[in-house]
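*Asks:* Per our numbering, residue 1 is the first one in the sequence shown, and the count goes up by one each step. So that we are looking at the same thing, I have put the structure below in structure tokens.
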Amino acid sequence: MGFDLRQAPLGAVLMCAAMLTALPLHAQESGSGTKEGVMELAPLVVEGERERADGPVDGPFATQSATATKTDTPIIETPQSISVISSQDMTARGARSLAQSIRYATGITTENRGGAVSRYDLFSIRGFSTSQTYLDGMLMPYNGWYSSPQIAPEMVERLEILKGPASVLYGSAPPGGLVNSVSKRPQDTASGEISVSIGSDNLYEGLLDATGPLDQEGKFSYRFIGLGRAQDGQARTTETERRLIAPSFRWQPTDKTSLTVLTHFQHDPKGGTFGGVPGAGSVSPNPNGPLPTDFYDGDVKFEEFNRKQLALGYIFEHRFDDVFTFTQNTRYLETDLDYESVYGGLLLPDNRTLLRAMIYTNEQSTSYSTDNRLQAKFNTGAISHTLLAGVDYWTLDSDLERGDLVPTLLTPFIVPPIDIYNPDNDQPLPAVPRTQLNNYEIEQTGIYLQEQLKLDGLVVLLGGRQDWYESKNTIRLTPANNSSISQDQFSGRAGVLYHFENGLAPYISYAESFEPQTGADRFGNAFEPTTGQQVEAGLKFQSPDGSFMITGSVFDITKQNVTVSDPLGAPGDQIQQGEVRSRGFELEGHIQPVNGLNIAAFYTKMDVETTEDTTAANVGKTPVQVAEETASLWTEYVLPSSIIDGLTIGGGMRYVGETYVDVTNTLGTTDPYTLFDAMIEYDLGAISPQLGGNSLRLNGTNLADKRHVAGCYTQLMTGCWFGAERQVTLTFTHRW
Numbered sequence: 001m002g003f004d005l006r007q008a009p010l011g012a013v014l015m016c017a018a019m020l021t022a023l024p025l026h027a028q029e030s031g032s033g034t035k036e037g038v039m040e041l042a043p044l045v046v047e048g049e050r051e052r053a054d055g056p057v058d059g060p061f062a063t064q065s066a067t068a069t070k071t072d073t074p075i076i077e078t079p080q081s082i083s084v085i086s087s088q089d090m091t092a093r094g095a096r097s098l099a100q101s102i103r104y105a106t107g108i109t110t111e112n113r114g115g116a117v118s119r120y121d122l123f124s125i126r127g128f129s130t131s132q133t134y135l136d137g138m139l140m141p142y143n144g145w146y147s148s149p150q151i152a153p154e155m156v157e158r159l160e161i162l163k164g165p166a167s168v169l170y171g172s173a174p175p176g177g178l179v180n181s182v183s184k185r186p187q188d189t190a191s192g193e194i195s196v197s198i199g200s201d202n203l204y205e206g207l208l209d210a211t212g213p214l215d216q217e218g219k220f221s222y223r224f225i226g227l228g229r230a231q232d233g234q235a236r237t238t239e240t241e242r243r244l245i246a247p248s249f250r251w252q253p254t255d256k257t258s259l260t261v262l263t264h265f266q267h268d269p270k271g272g273t274f275g276g277v278p279g280a281g282s283v284s285p286n287p288n289g290p291l292p293t294d295f296y297d298g299d300v301k302f303e304e305f306n307r308k309q310l311a312l313g314y315i316f317e318h319r320f321d322d323v324f325t326f327t328q329n330t331r332y333l334e335t336d337l338d339y340e341s342v343y344g345g346l347l348l349p350d351n352r353t354l355l356r357a358m359i360y361t362n363e364q365s366t367s368y369s370t371d372n373r374l375q376a377k378f379n380t381g382a383i384s385h386t387l388l389a390g391v392d393y394w395t396l397d398s399d400l401e402r403g404d405l406v407p408t409l410l411t412p413f414i415v416p417p418i419d420i421y422n423p424d425n426d427q428p429l430p431a432v433p434r435t436q437l438n439n440y441e442i443e444q445t446g447i448y449l450q451e452q453l454k455l456d457g458l459v460v461l462l463g464g465r466q467d468w469y470e471s472k473n474t475i476r477l478t479p480a481n482n483s484s485i486s487q488d489q490f491s492g493r494a495g496v497l498y499h500f501e502n503g504l505a506p507y508i509s510y511a512e513s514f515e516p517q518t519g520a521d522r523f524g525n526a527f528e529p530t531t532g533q534q535v536e537a538g539l540k541f542q543s544p545d546g547s548f549m550i551t552g553s554v555f556d557i558t559k560q561n562v563t564v565s566d567p568l569g570a571p572g573d574q575i576q577q578g579e580v581r582s583r584g585f586e587l588e589g590h591i592q593p594v595n596g597l598n599i600a601a602f603y604t605k606m607d608v609e610t611t612e613d614t615t616a617a618n619v620g621k622t623p624v625q626v627a628e629e630t631a632s633l634w635t636e637y638v639l640p641s642s643i644i645d646g647l648t649i650g651g652g653m654r655y656v657g658e659t660y661v662d663v664t665n666t667l668g669t670t671d672p673y674t675l676f677d678a679m680i681e682y683d684l685g686a687i688s689p690q691l692g693g694n695s696l697r698l699n700g701t702n703l704a705d706k707r708h709v710a711g712c713y714t715q716l717m718t719g720c721w722f723g724a725e726r727q728v729t730l731t732f733t734h735r736w
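Next comes the structure, spelled out in structure tokens:
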């Protein structure tokens, strides 16, 4: 089924049409007394404080971003779709993970493993899944197994979702886009907050966030974030815990030089579960009845997830003059994981007995990342330039010990099975043999060049990057079968936008991506990187008074070199003859119609399908866990003091369409669902001045406690996941 703009909702089309007819399209001419071909320094304009791309969002929505360009660029002048979620948004919506934070956004299918699995942030962007994590514009590498780092939203100032290929600035990345977390940083003004929360599933949480100057001259400033949380998991008998400290310091000896040190240590001693539920009883009927949403396929004594991550980094910036600025981002990351799990497999024909398997891993990873870039801002005649040249590099060294115990036809009950309707999650278990002992070494180096040109309202964006990627897998068990790959790839990007004085900004852009691939075909030929290309066209509008911003876009993404089954080879042999295409329409709007009332609306319609595959039954089919239609709406209102002083109310609606449960699209789909969220906050200072700075906030998600399946990768095994149950949280906050 192809994408057709006529499938977009009537309201969205009317909204765009109304703006186009109500706002005259014109660009005023501007004279220039500058001689052509003469380089001229950009004029230094003294203005009031404006929003920075690496700082707090100032106003009802973000107006600046650096994720798309690695320069502080107005979103309205960026010829690619980008969504920004502020820390205020995350707090108001009760988000406690990155995956929860992006529930309200376009192009996103989030929480692919439902509500019970919170140890990872699993989502897809424009139909392409990703588990990559970016912090302050740099990848947080991991070995591809289970030790993926996770970013706590409590230490994030803003989340920025860049839609479409981003390899021209970030190297290897999926074609759908990426999510970049921007750290909270030291501020010049002393402020802070301490909060205590209690809630559903025995939630207990304490948070401290304090910042300010360390000296009278303002050359030194600090920020300290501390978090402690414990909560029962959605799956019965499971628990989650997190302990976080994130101190940061800034030294600014002059107005041209700054050094910001960013660190955090995060310990997750308990991580809930990673297991799913059988398709029969969740997404499809089971003659024995429906399964409960707190179903657990594991073992209470064997279950372990103990992750520690330590990050030490800095951002150095020096402005030589009004033209040149040098920036260096550097980070050392260490991740340790101890993981044990009993997990479900095949459900037997009685639709009750679930075969299970066992796994353990011990993983230790260290990585080093650095991004060095030189920016030049200058004019040639009437054209202003922002030229960026950069070199980035990251390396990962990771050790993995793994053990598996999997049922076979001869030993189906080698791991004790369970009755899914009367599970015994505490049984004697056999020992798990070690099956892997590996060391992974990965390096990526990239050089990139980008030019942003501006002539009156015309904005042109050009970029190119060359990457070199190397990976080595050393197998330390007998028989050894070491492997290595060495790949390189060039990626490009181009975009054109015109920003009219009435606020309209139509644009069109092209971008490329790549992802390195391990393995080889049956002839021993190493796989090449997968590649992706996107063409995107859109229309942005930002009102002159800053009360309204909307982005509408259409996109077409193609991903090539996808590995598929080799029809002429042995079972398990693969060949790079697959292709996936994603086409769609997105509409995102932010409006503040009156002071204190903020409305954010999001709509996505996609058609994602496999266009080439050696298995004919897969061609034309939609990948699993991709919703073709999503919509959400969030409204927040600070009531006037004439009505109720100190009261803020908010509410949201999230709609997620059906997703297929198998790659051949023959076993059905998940049901579409609509969830409702709400918040209410009261400033206790409205009662008495002595209570100023104190507030109470009540958050609720999935208020109707709607039972829903978030997604499946297969219905035949334990490959489905229930969505998050209702969560209610009460938070007391003291601010200063």
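Glycine included, C-beta positions come from ideal geometry on N, C-alpha and C.
My output table needs one value for MET90: the three-state DSSP class, helix, strand or coil.
*Replies:* helix
*Asks:* Can you say whether PRO479 is buried or exposed, counting buried as having 16 or more other CB atoms within 10 angstroms of its CB?
*Replies:* exposed
*Asks:* Quick one: residues in its chain with C-beta nearer than 6 Å to the C-beta of ASN306, no 5 flanking neighbours on either side, listed in chain order?
*Replies:* PRO269, ASP338
*Asks:* Quick check on DSSP: helix, strand or coil for VAL283?
*Replies:* coil
*Asks:* Can you give the Cα-Cα distance for ARG465 and GLN533, rounded to whole angstroms?
*Replies:* 14 Å
*Asks:* If distances are taken between C-alpha atoms only, which option among ALA66, SER147, MET679, MET549 comes closest to TYR637?
*Replies:* MET679
*Asks:* Name, in chain order, the residues that DSSP records as bridge partners for GLN542.
*Replies:* Per DSSP, MET549.
*Asks:* Whole angstroms is fine: what's the gap from GLN690's alpha carbon to PRO174's?
*Replies:* 52 Å
*Asks:* The beta strand (DSSP E) that contains VAL168, what's its start and end?
*Replies:* Here VAL168 belongs to no beta strand (DSSP E); instead the alpha helix (DSSP H) covers 167 to 170.
*Asks:* On the DSSP bridge list, what partners appear for ARG52?
*Replies:* Paired residue(s): none; ARG52 is not in a bridge.
*Asks:* Could you check which residue in ASN286, TYR507, TYR314 has the C-alpha nearest to that of PHE249?
*Replies:* TYR314
*Asks:* Which one of GLY192, LEU98, TYR222, ASN598 has the shortest CA to CA distance from GLY693?
*Replies:* GLY693 has its Cα closest to that of GLY192, out of GLY192, LEU98, TYR222, ASN598.
*Asks:* Please check the pair ALA710 and GLY114, which I expect to be a contact at CB under 8 Å, by giving their CB distance rounded to whole angstroms.
*Replies:* 4 Å
*Asks:* From HIS267 to LEU227, what does the alpha carbon distance come to, in whole angstroms?
*Replies:* 10 Å
*Asks:* I want to know whether the segment 495 to 505 touches the segment 540 to 560 - three or more CB-CB distances under 8 Å.
*Replies:* Between the segment 495 to 505 and the segment 540 to 560, the count of Cβ pairs shorter than 8 Å is three or higher; the stretches touch.
*Asks:* Quick one: using the 10 Å Cβ neighbour count with 16 as the cut-off for buried, is ASP121 buried or exposed?
*Replies:* buried
*Asks:* Going by alpha carbons, who is nearest to SER471 out of ARG493, GLU528, ALA627, LEU647?
*Replies:* Taking only the C-alpha atoms, the option nearest SER471 is GLU528.
*Asks:* Kindly list the residues whose CB is nearer than 6 Å to the CB of VAL698, restricted to its own chain and excluding five residues on each side of it in sequence; keep chain order.
*Replies:* Per the sequence shown, the amino acid found at residue 698 is Leu instead of Val. The answer, listed in chain order, is ILE680, LEU730.
*Asks:* With 16 other CB atoms within 10 Å as the buried threshold, where does LYS256 fall?
*Replies:* exposed
*Asks:* Looking at C-beta atoms only, is the number of pairs between the segment 395 to 414 and the segment 355 to 368 that lie closer than 8 Å three or more?
*Replies:* yes
*Asks:* Between ASP54 and MET155, what straight-line distance do the alpha-carbon atoms span, to the nearest angstrom?
*Replies:* 13 Å
*Asks:* With a threshold of 6 Å on Cβ separation, who are the neighbours of LEU262 within its own chain once the five nearest residues in sequence on each side are excluded?
*Replies:* SER183, SER248, GLY313.
*Asks:* To which residues of the same chain is GLY212 closer than 6 Å at the C-beta, ignoring the five residues directly before and after it?
*Replies:* Within the same chain, GLY212 has close Cβ partners ALA190.
*Asks:* Assign PRO165 to buried or exposed, taking buried as 16 or more other Cβ atoms, counted over all protein chains shown, within 10 Å of its Cβ.
*Replies:* buried
*Asks:* With a cut-off of 8 Å on the beta carbons, I'd call SER737 and ASP677 a contact; round off their distance for me.
*Replies:* The structure shown does not extend to residue 737, since the chain spans only 1 to 736, so no value can be given for it.
*Asks:* In the DSSP assignment, what are the bridge partners of TYR360?
*Replies:* GLU340, GLY403
*Asks:* Buried or exposed: which applies to ALA18, given that a residue is buried once 16 or more other Cβ atoms fall within 10 Å of its Cβ?
*Replies:* The predicted model places ALA18 with a pLDDT of 35, which falls under 50 and marks its position as unreliable; any figure quoted below should be read in that light. Flag for ALA18 reads exposed.
*Asks:* Run the CB neighbour count on LEU348, radius 10 Å, all protein chains shown included, and call it buried at 16 or more, exposed below.
*Replies:* exposed
*Asks:* Where does SER32 fall in DSSP's three states?
*Replies:* With a pLDDT of only 38 at SER32, under the threshold of 50, the placement of this residue in the model should not be trusted; the figure read from the coordinates follows. Three-state DSSP puts SER32 in coil, outside helix and strand.
*Asks:* Our contact map puts VAL84 next to VAL57 with C-beta atoms below 8 Å; I'd like the distance itself, whole angstroms only.
*Replies:* 7 Å
*Asks:* Looking at the unbroken beta strand (DSSP E) that takes in GLN252, where does it start and where does it end?
*Replies:* Annotation for GLN252: the continuous beta strand (DSSP E) segment containing it runs 239 to 254.
*Asks:* By how many angstroms is the C-alpha of ASN665 removed from the C-alpha of GLU658?
*Replies:* Roughly 12 Å separates the two Cα atoms.
*Asks:* Check whether the Cβ atoms of GLN328 and THR260 sit closer than 8 Å, and answer yes or no.
*Replies:* no
*Asks:* Any idea what DSSP makes of SER744, helix, strand or coil?
*Replies:* Within the shown structure, residues of the chain are numbered from 1 to 736, placing residue 744 beyond reach of any answer.
*Asks:* Among ALA511, ASN561, GLY538, ARG158, which residue has its Cα nearest to the Cα of THR531?
*Replies:* ASN561
*Asks:* Measure the C-alpha to C-alpha separation of GLU588 and MET653 and round it to an integer number of angstroms.
*Replies:* As the crow flies, the alpha-carbon of GLU588 is around 15 Å from that of MET653.
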